[in-house]
Amino acid sequence: MASPRESLRVVIAASEAVPFSKTGGLADVAGALAKSLDQLGHDVTLILPDYFLLRQGQTNLPSIVDAGLRFSIPMNGRAVAGAVNWTTLPSSSVRVLLVRQPEYFDRRQLYQEHGHGYVDNCERFSFFSRGVLEICRQMILRPDIIHSNDWQTGLVNGLLQTQYNGRPGFERTASVITLHNMAYQGRFWHFDMPLTGMDWKHFNHNQMEAWGDLNLLKTGIAFADQITTVSPTYATEICTPDGGYGLEGLLMHRREDLVGILNGIDDDVWNPDSDQHLPARYSVATVTDGKSQCKGHLQRRMQLHERADVPILGMVSRMVDQKGFDLVTGAAERILSLDLQLVFLGTGDSNYEDQLRQLAARYPGKVAAEIGFDESLAHQIEAGADIFLMPSRFEPCGLNQMYSLRYGTVPIVRKVGGLADSVVNFESVSESLDTATGFVFVDYSRDLLAETVEKAVALYRQPEIWTRLVRNGMSRDWSWSRSALEYVAVYRKALERRKRRSP
Ligand code: ADP
Ligand code: GLC
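Here it is as structure tokens:
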């Protein structure tokens with residue numbers, strides 16, 4: 051626990067966080083990191099957009115009240131008003147400030163509809179980022195650290211080091227950005243530059259411009275005091291042309307300020323021993339019985355044949371190229387020649403959604419596909435499946451493989467990013483019975499995926515070995531406190547760097 055002298059005032063800015071809003075892992079991470087820093091004794095404020103319409107009818111939220119704060123941001127010649135709602139993150143004393151701006155945030159989704167990003171995304175998230183600093187100023191939060199996440203809040207780092215540099219309340223504030231995914235950079239045409247509130251002089255190749263466009267992720271990387279990403283392997287990958295998506299040069303340049311910190315698991319949300327979404331709860335001691343109840347329930351719910359002896363392979367994911375769906379659909383016939391069941395939950399590209407729907411229609415009782423976002427079903431698949439598929443093309447960290455390990459569901463993953471850092475491959479009984487937690491394949495190939503599934507299913511038929519894999523995985527420690535301590539170390543480095551660059 052940090053002593054009062056060592057305690058930091060941290061503001062985390064994110065475009066989504068559990069339990070308020072979620073499209074993917076960023077939401078899990080933003081909520082869990084805030085809570086863990088709070089548990090370590092730091093003073094944490096989490097600032098999010100208020101997706102007011104989307105939270106209507108959500109029953110799991112704490113009560114949210116008007117904080118009484120109003121601000122206004124000049125956006126392309128008109129003053130846009132924002133209001134702030136306030137609440138506390140459940141099971142913590144983290145202050146949560148929700149930026150209410152109905153025109154920007156009362157939408158059906160967070161970022162896109164029908165596969166197309168909202169055309170005013172630059173305006174929406176520039177407003178939000180500018181709002182974050184205005185809120186810090188007006189509420190006299192005097193943060194030591196402002197921590198932004200992904201392109202949606204990359205502008206925060208830029209504004210702090212320019213417009214807000216040295217202003218009252220920001221004299222010693224340093225900033226950090228976490229890169230959750232280099233494939234999404236917030237690229238907009240240069241005419242959007244005035245929306246950012248940054249001077250045109252920053253529209254240059256070292257700061258905000260990339261390949262002719264305004265790039266908000268680049269802005270964050272260029273101006274942050276420290277940069278983190280969500281696994282050590284991904285930190286290396288993004289410094290190469292394959293992983294950096296055009297920003298590898300800048301990342302190489304900032305290599306000394308870049309560190310990979312593996313995400314953790316929020317134990318209050320993802321714990322099979324207390325998970326309220328499950329029909330039966332279980333621990334490592336009761337996993338066999340607990341999982342078989344969850345499996346029967348999942349088969350009934352998804353209209354799969356109710357058979358205890360057949361392995362279920364599960365996948366819960368955004369249905370996008372990143373996640374390796376072309377491998378899965380490409381290998382499906384070969385995989386389905388085995389006696390097993392497949393269950394999918396996800397939304398995303400309509401071609402993957404359609405292909406999986408068709409697969410389910412062709413194999414009734416053997417393949418089930420739920421196209422949609424369903425938190426409860428996600429938990430039930432983690433618990434009810436025997437094997438979890440994550441054959442990602444790239445994966446900055448990946449949370450589902452960790453949830454799978456925690457739920458005794460043996461993951462099959464490709465050796466990239468955080469998947470490589472979190473799953474230990476089963477080589478053979480003599481080599482890795484005590485350490486293996488799953489199956490790791492290297493080349494991005496549908497045959498290799500199918501072969502790995504065959505290997506896993508063969509081992510599933512040998513319960514004495516399989517149980518070892520299950521228990522090895524369940525016994526690993528993925529608690530957030532470990533990662534949160536690493537973030538605190540990064541915050542201190544950021545403060546040091548900030549001091550050095552003080553006027
Ligand atoms: P990413 O952030 O790239 O989508 P992660 O593995 O880090 O991948 O995190 C994904 C998170 O989103 C997990 O908590 C997962 O359970 C959840 N998720 C993804 N798709 C769905 C869905 N269709 N329904 C419910 N939860 C989902
Ligand atoms: C991103 C990545 C995913 C990571 C998540 C949380 O969405 O795709 O790998 O786990 O962010 O950091």
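Throughout the sequence shown, residue numbering follows our numbering, covering 51 to 553 in sequence.
For glycine and all other residues, C-beta sits at the position ideal for the given N, C-alpha and C.
Extent of the continuous alpha helix (DSSP H) run through residue i
| i | result |
| --- | --- |
| residue 35 | Since the first residue shown for the chain is 51 and the last is 553, residue 35 is missing from the structure and cannot be characterised. |
| residue 336 | Neither: residue 336 is in no alpha helix (DSSP H) and is coded neither H nor E. |
| residue 452 | 450-456 |
| residue 471 | 467-472 |
| residue 562 | This structure cannot settle anything about residue 562, because the visible part of the chain is limited to 51 through 553. |
| residue 211 | 204-211 |
| residue 74 | First-last for residue 74: undefined, no H or E at that position. |
| residue 550 | 530-550 |
| residue 286 | 282-287 |
| residue 379 | 375-386 |
| residue 479 | 479-482 |
| residue 292 | 291-294 |
| residue 299 | 298-303 |
Residue i beta carbon near the ligand GLC (any heavy atom closer than 7 Å)
| i | result |
| --- | --- |
| residue 75 | yes |
| residue 446 | yes |
| residue 468 | yes |
| residue 197 | no |
| residue 79 | yes |
| residue 503 | no |
| residue 280 | yes |
| residue 230 | yes |
| residue 313 | yes |
beta-carbon residue i near the ligand ADP non-hydrogen atom, thresh 7 Å
| i | result |
| --- | --- |
| residue 449 | yes |
| residue 366 | yes |
| residue 425 | yes |
| residue 396 | yes |
| residue 488 | no |
| residue 434 | no |
| residue 63 | no |
| residue 428 | yes |
| residue 422 | yes |
N-terminal and C-terminal residue of the beta strand (DSSP E) that residue i is part of
| i | result |
| --- | --- |
| residue 420 | 417-421 |
| residue 556 | Lying before the first or after the last residue shown, residue 556 is absent from the chain, which here runs from 51 to 553. |
| residue 391 | 391-398 |
| residue 242 | No beta strand (DSSP E) holds residue 242; DSSP gives it neither H nor E. |
| residue 150 | 145-150 |
| residue 311 | Run containing residue 311: none; DSSP gives neither H nor E here. |
| residue 133 | 128-138 |
| residue 118 | 115-125 |
| residue 265 | 263-265 |
| residue 219 | First-last for residue 219: undefined, no H or E at that position. |
Member of the options whose CA lies at the smallest distance from the CA of residue i
| i | options | result |
| --- | --- | --- |
| residue 384 | 501, 83, 230, 434 | 501 |
| residue 63 | 51, 472, 84 | 84 |
| residue 472 | 421, 524, 102, 428 | 524 |
| residue 235 | 192, 175, 226 | 175 |
| residue 492 | 451, 444, 454, 485 | 444 |
| residue 131 | 155, 142, 110 | 155 |
| residue 435 | 282, 392, 118 | 392 |
| residue 109 | 70, 278, 494, 93 | 70 |
| residue 327 | 337, 432, 333 | 432 |
| residue 372 | 231, 261, 263 | 231 |
| residue 170 | 57, 86, 238 | 238 |
| residue 510 | 399, 423, 361 | 361 |
| residue 261 | 246, 274, 298, 245 | 298 |
| residue 438 | 447, 459, 452, 427 | 459 |
| residue 378 | 56, 348, 462 | 462 |
| residue 123 | 247, 268, 138, 135 | 247 |
| residue 276 | 482, 300, 255, 227 | 227 |
| residue 114 | 92, 89, 140, 94 | 140 |
| residue 488 | 92, 97, 497, 517 | 517 |
| residue 311 | 538, 72, 67, 61 | 538 |
| residue 482 | 133, 519, 264, 457 | 519 |
| residue 204 | 183, 87, 193 | 183 |
Sheet register partners of residue i (DSSP bridge)
| i | result |
| --- | --- |
| residue 276 | 226 |
| residue 61 | 95, 196 |
| residue 162 | 167 |
| residue 246 | Bridge partners of residue 246: none, in fact. |
| residue 320 | None; residue 320 has no bridge partner. |
Three or more C-beta pairs below 8 Å linking the region 405-418 and the region 513-531
no
Do the region 214-225 and the region 305-323 make contact, defined as three or more Cβ pairs closer than 8 Å?
Cβ pair count under 8 Å is below three, so no.
Count the CB pairs spanning the region 314-322 and the region 351-363 that are closer than 8 Å, and state whether there are at least three.
The answer is no - the region 351-363 does not touch the region 314-322, with fewer than three Cβ pairs under 8 Å.
Would the region 195-207 and the region 127-135 be scored as touching if the rule is three or more Cβ pairs under 8 Å?
Cβ pair count under 8 Å is below three, so no.
Stretch-stretch touch, CB-based, cutoff 8 Å, three pairs: the region 287-295 with the region 321-328
no
For the pair the region 136-156 and the region 100-107, tell me if three or more CB-CB distances fall below 8 Å.
Touching, yes, given that three or more Cβ pairs across the two stretches are closer than 8 Å.
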